[in-house]
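See structure below.
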Amino acid sequence: MKVFHVLNHFLPQQIAGTEVYVRALVKCLMEAATVEEVKVVIPNYGSNKNNYYVYDGIPVIQYAEPSIADRLLIMDKRKPDGLDSFVNLLNSEKPAIVHFHEMAGSNGVSYHHVTAAKNSGAKVLMTFHLAANTCRTGTLLYKEKDFCNGVIDEHKCTACHLHSAGYGNLTPFLLPLSVFLYKMKIDTTNWDSRAGTALGGVFTTHLFQERFNTLVQHCDKVVVLTAWYKDVLLANGVPAGKIIYIPQALPYDAKPVITGTYKNGHSVKLVFLGRISPFKGLHLLIDALRFFSEEEISLDIYGQAQDKVYEEQCRHQTKEKKNIHWKGVLSQAEVVPALMQYDALCLCSTLSEMSPLVIQEAFAAGIPVIASNVYGNAEQIVHDQNG
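Position 362 of the sequence shown, counted from 1, bears residue number 369 in the working numbering, the numbering being contiguous throughout.
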């Protein structure tokens with residue numbers, strides 16, 4: 008039996024939770040007697056040729072994806088140019104199972120690829136690593152403030168998306184107009200303008216829901232890593248029999264978390280480990296350290312920059328700080344040993360992550376996690392026990 012694992016990026020080009028999860032899963036499947044062959048499949052962005060490489064013994068196929076991310080592609084008015092290459096790959100390799108790990112707009116892996124996999128005769132699985140499949144902003148925070156129940160609703164989701172897009176006080180005026188245009192079947196997203204996008208808000212929310220339904224319909228099973236997101240899927244009409252709940256885990260046992268061992272006179276050693284991105288909230292952590300003396304607390308930062316401008320802003324904030332150090336990128340094998348050198352991991356997520364793997368890695372290192380109170384963090388952390 009041949010199995011494909013499909014995602015937008017893979018190691019070593021991008022190091023994040025989804026990539027690390029897929030690597031661990033593939034390595035386990037390679038040892039399974041019933042699986043003859045396992046391959047990772049990702050787009051070869053900006054190229055009209057397929058590419059192949061091997062990472063840690065894992066064969067990786069990059070299918071040709073020359074698409075330019077224009078408005079038509081972003082608005083799902085046309086299919087990615089690389090879809091034909093993906094279909095050709097399915098026809099030539101004939102995998103028995105195609106397991107998707109993320110969806111993306113534009114030129115990444117999309118519901119079109121899921122449909123193609125199902126049409127090829129393969130069994131199709133989808134693991135939800137992010138909430139963005141049921142939330143247009145990907146945060147599950149209504150208007151960047153209140154927890155959302157995750158149910159896709161044309162009015163609520165459009166209002167929230169307009170707010171996050173910067174329309175703010177205009178939202179109460181734009182929303183009813185968008186509803187009216189939608190009922191009149193006037194699709195203003197065909198206008199090549201920001202106004203057309205805003206006025207087409209209800210229309211795009213409706214399409215967002217249709218794409219989610221199409222995704223689920225073409226999957227034989229969907230996998231969730233958390234109980235809270237299983238509830239979100241059920242609330243959005245996904246049949247209970249189609250959902251498989253497999254909690255996030257590491258390929259080794261976690262050590263007992265040690266808390267409350269700090270001594271007066273000793274500096275507290277904090278660590279940040281993750282993508283250098285606004286979503287991970289590093290700027291919040293750096294700002295919070297202003298309230299402590301450099302002798303009281305130190306922070307080491309590990310991670311790969313996803314946003315160069317944001318990284319430069321954070322580095323500028325810390326350039327005069329003797330207690331904040333930028334340590335570069337760790338390999339997966341180095342993560343847990345490195346975390347053992349610290350008193351606590353800080354995770355200041357600004358959105359509801361699914362189930363951050365770094366929390367499990369911190370627990371494996373025996374240290375507590377100080378995290379923002381959002382869905383994915385809250386499910387793993389027991390206050391005053393392990394974080």
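By construction, the Cβ of each residue, glycine as well, lies at the ideal position given by its N, Cα and C atoms.
Keep in mind it's a predicted model, so treat the numbers as computed, not measured.
Taken atom to atom, the span from the alpha-carbon of E303 to that of V275 is near 6 Å.
Contact annotation: H12 and V33 have beta-carbon atoms nearer than 8 Å. Proximity to P183 across V209, H168 and I159 peaks at V209, based on C-alpha coordinates. Residue range L90 to E100 is occupied by the alpha helix (DSSP H) that includes S99. A straight line joining the alpha-carbon of V245 with that of A371 spans about 33 Å. Look at the segment 182-236 and you find these whole runs of beta strand (DSSP E), each 3 residues long or longer: 228-231. Counting along the chain, D294 sits inside no beta strand (DSSP E); it lies in the alpha helix (DSSP H) bounded by residues L289 to A295.
Exclusion of the five residues before and after G145 leaves L137, A138, A139 and L358 as the residues of its chain whose Cβ lies within less than 8 Å of its Cβ. Rounded to whole angstroms, the Cβ separation of Y174 and A205 is 6 Å, and the two are in contact under 8 Å. The beta-carbon separation of L352 and L346, rounded to 6 Å, stays under the 8 Å limit for a contact.
Sequence-distant partners of C226 (beyond 5 residues in either direction) whose C-beta falls short of 6 Å from its own C-beta, in its chain, are V131 and M133. The Cβ neighbour count for F180, taken over all protein chains shown within 10 Å, is under 16; the residue is labelled exposed. With contact defined as three or more Cβ pairs closer than 8 Å, the segment 375-391 and the segment 359-367 are in contact. Each of Y62, R297 and P66 was checked against the Cα of E43, and the nearest Cα belongs to P66.
D391 carries a coil assignment under DSSP once its states are collapsed to helix, strand and coil. Contact between the segment 44-57 and the segment 86-102 is established, with three or more Cβ pairs separated by less than 8 Å. The segment 105-114 makes contact with the segment 78-87, as at least three CB pairs between them are under 8 Å. Taking the Cβ atoms as the reference, L14 lies roughly 15 Å from H119, outside the contact range of under 8 Å.
Between V278 and D307, the CB-CB gap stays under 8 Å.
The straight-line gap separating the alpha-carbon atoms of V376 and F298 is approximately 20 Å.
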